[in-house]
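Numbering (my numbering), first residue to last: 512 to 917. Below you'll find the structure, written out as C-alpha cells, and then a few comments.
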Ligand SMILES: Cc1cc2nc3c(=O)[nH]c(=O)nc-3n(C[C@H](O)[C@H](O)[C@H](O)COP(=O)(O)O)c2cc1C
C-alpha cells in the first residue's frame with residue numbers, strides 16, 4: 512500500500528526511499544559570482560539527515576546574464592565544479608536523492624541585477640507598482656531560443672557529472688518555460704507561439720535536449736503549473752495536454768504547482784476552495800491529471816498535516832508529497848513524521864504591512880531564505896525572526912549584486 516514511508520520506483524529505474532520530497536526553494540545563498548557557498552552546501556547536509564526521498568534544490572540558473580535573484584547559483588560551465596561536487600556529496604551514502612532545479616527567469620528578472628532581459632515577447636509584467644522593478648523584455652531570436660535550449664542540457668549534464676542524482680526543469684511560476692506556454696506572455700507568430708503545439712515546443716525541446724545530454728537512466732522531472740490563474744493565461748486543460756505530451760516523451764516525475772509573479776497562488780493557494788484544498792492547493796487538478804497519465808505525480812503547495820498527506824497518497828491521485836516552507840522550520844521533517852514527533856508543521860506568513868511587498872512575497876520569501884541560511888550555519892531555525900529584517904537583508908543582496916561586475 513502507498514504510504515509516506517513506502518519506496519517508489521521512477522520510470523528511469525531510480526528508487527525514492529519514501530514519498531516525501533523537499534520542493535525547490537531559491538536559497539539565494541550563492542556567492543556574488545554565483546557559486547554555491549559552504550552555508551548552502553551545509554543546509555543540504557542537514558536536510559539529508561532528515562531522510563526525505565528527494566531533495567530538490569532551489570532554482571539554478573543556466574546563464575549568469577539571466578538571474579532571478581542576486582545570489583542564485585549559476586551553472587553554465589565547469590567554473591564552480593568542485594563546489595558542485597561537494598554539494599552533491601551531501602547525500603552520498605544517505606539514500607536521499609538530490610536533484611537540481613534548472614531555470615531561466617525570462618521576463619521575471621529584476622532590472623537592477625540584469626543588464627538585458629529576454630522573453631518570448633515584449634510583454635511587460637502587470638504587477639502594479641512593483642512592475643517598475645522589471646524592464647520590458649527583448650523578444651528572443653530563433654538562434655537565442657536554440658542557445659537557451661542547449662544551455663538547459665549543458666547545465667543538466669554538468670550537474671550529473673558533479674554527482675547529482677536527477678534533475679528538474681522549472682516549468683512553473685511564470686519563468687521562461689512557463690512564459691512560452693502562456694498565451695499572455697507569448698505573443699509570437701512563429702513556430703514558438705500561437706496554438707498549444709507551438710507554445711509547448713520550447714518545453715518539449717528543453718526536455719529532449721536534457722535527455723540527450725544526460726542519457727536514459729538519469730531521472731528528469733518537471734515542475735509545471737496546473738494553470739496560471741489569469742484571464743487569458745495558460746489553462747488547466749492546456750496544462751493537462753502538456754502533461755500528456757511530456758508523459759509520452761518519458762518524463763520521470765511531474766510536480767504540480769500553479770501561479771506566476773503576477774498571480775502568486777503557488778505560496779497562497781485559493782481561499783475560495785474547500786478546506787482540504789486550502790491545505791493541498793492543487794488537489795482537484797491532480798485528480799483529473801491522474802486519469803490522463805500513468806507517470807509519477809508530485810503535488811506541492813500547502814501540505815501541513817500528516818493525515819492530509821497520507822490521505823492524498825492513499826487516494827492514489829499522487830505518488831510523492833512535496834513540501835517547501837515547512838522544511839525551513841523543521842529541517843528533519845521526514846524523520847519527525849516517521850518517529851511521530853510531529854503531526855503538523857506550522858509555516859507562518861510573515862508580513863510588514865506594506866501591501867505591495869506583502870502581496871508579492873517581498874518579505875515572506877527572504878524570511879524563509881534566512882531560515883535556510885540559519886540551517887546552513889548549523890543554527891536552529893527561528894520562527895520569531897523579524898520580517899522587516901528579512902526584507903532589509905534582501906535589499907542588501909540586490910544592492911551588492913547591482914554593484915558587482917560579472
Ligand atoms: C523562499 C522560497 C523560495 C522558493 N523558490 C522556488 C524555486 O526556486 N523554485 C520553485 O519551483 N518553487 C519555489 N518556491 C515555491 C515552493 O517550491 C512551493 O511550490 C511553495 O512554497 C508551496 O509549497 P509549501 O506550501 O509547501 O511551501 C519557493 C518558495 C519559497 C517560500
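Even glycine gets a Cβ: it sits at the ideal position worked out from N, Cα and C.
Straight-line Cα distance separating residue j from residue i
i, j, result
"residue 806", "residue 758", "6 angstroms"
"residue 877", "residue 910", "15 angstroms"
"residue 709", "residue 688", "13 angstroms"
"residue 675", "residue 610", "6 angstroms"
"residue 800", "residue 827", "12 angstroms"
"residue 902", "residue 524", "43 angstroms"
"residue 653", "residue 881", "39 angstroms"
"residue 513", "residue 900", "42 angstroms"
"residue 863", "residue 684", "24 angstroms"
"residue 595", "residue 586", "9 angstroms"
"residue 530", "residue 802", "20 angstroms"
"residue 861", "residue 727", "43 angstroms"
"residue 690", "residue 892", "34 angstroms"
"residue 875", "residue 778", "9 angstroms"
"residue 663", "residue 831", "25 angstroms"
"residue 722", "residue 707", "22 angstroms"
"residue 537", "residue 741", "24 angstroms"
"residue 677", "residue 668", "10 angstroms"
"residue 914", "residue 671", "32 angstroms"
"residue 655", "residue 584", "22 angstroms"
"residue 712", "residue 795", "27 angstroms"
"residue 714", "residue 868", "31 angstroms"
"residue 543", "residue 623", "14 angstroms"
"residue 853", "residue 617", "39 angstroms"
"residue 657", "residue 871", "32 angstroms"
"residue 943", "residue 545", "Because the chain here runs from 512 to 917, residue 943 falls outside it and cannot be looked at."
"residue 590", "residue 896", "35 angstroms"
"residue 579", "residue 838", "22 angstroms"
Buried versus exposed call for residue i [16 or more other C-beta atoms within 10 Å across all chains shown]
i, result
"residue 643", "exposed"
"residue 588", "exposed"
"residue 547", "buried"
"residue 889", "exposed"
"residue 725", "buried"
"residue 768", "buried"
"residue 865", "exposed"
"residue 518", "exposed"
"residue 906", "exposed"
"residue 533", "buried"
"residue 912", "buried"
"residue 620", "buried"
Same chain, Cβ closer than 7 angstroms to residue i, five either side skipped, listed in chain order
i, result
"residue 887", "540, 550, 551, 553 and 554"
"residue 559", "566, 601, 602, 605 and 607"
"residue 561", "842, 843, 844, 845 and 846"
"residue 762", "718, 731, 732, 733 and 806"
"residue 908", "539, 581 and 582"
"residue 615", "572, 573, 574, 577, 659, 686 and 687"
"residue 829", "797, 808, 809, 810 and 823"
"residue 557", "842 and 886"
"residue 884", "540 and 550"
"residue 898", "861, 862, 863, 874 and 878"
"residue 894", "840 and 859"
"residue 704", "631, 697, 698 and 710"
"residue 673", "592, 595, 596 and 599"
Same chain, Cβ closer than 6 angstroms to residue i, five either side skipped, listed in chain order
i, result
"residue 612", "535, 567, 568, 570, 679 and 681"
"residue 792", "780, 812 and 813"
"residue 598", "547 and 552"
"residue 660", "716, 717 and 720"
"residue 744", "693 and 695"
"residue 836", "858 and 879"
"residue 746", "738"
"residue 666", "573, 586 and 613"
"residue 776", "740, 769 and 770"
Cβ-Cβ separation, residue j to residue i (assumed contact under 8 angstroms), whole Å
i, j, result
"residue 764", "residue 809", "6 angstroms"
"residue 855", "residue 815", "6 angstroms"
"residue 527", "residue 564", "4 angstroms"
"residue 833", "residue 766", "6 angstroms"
"residue 817", "residue 848", "6 angstroms"
Neighbourhood of residue i by C-beta distance below 8 angstroms, restricted to the same chain and skipping five residues each side
i, result
"residue 821", "514 and 515"
"residue 650", "629, 630, 631, 632, 633 and 699"
"residue 959", "The structure shown does not extend to residue 959, since the chain is modelled only from 512 through 917, so no value can be given for it."
"residue 760", "715, 718, 719 and 722"
- Query: Is the number of C-beta pairs between the stretch 644-657 and the stretch 614-632 that are closer than 8 angstroms three or more?
  - Reply: At 8 angstroms Cβ cutoff, the stretches touch.
- Message: When you compare the stretch 749-766 with the stretch 723-737, are there three or more beta-carbon pairs, one atom per stretch, that lie closer than 8 angstroms?
- Response: yes
- Query: Three or more C-beta pairs closer than 8 angstroms, one from the stretch 762-781 and one from the stretch 630-641: is that the case here?
  - Reply: yes
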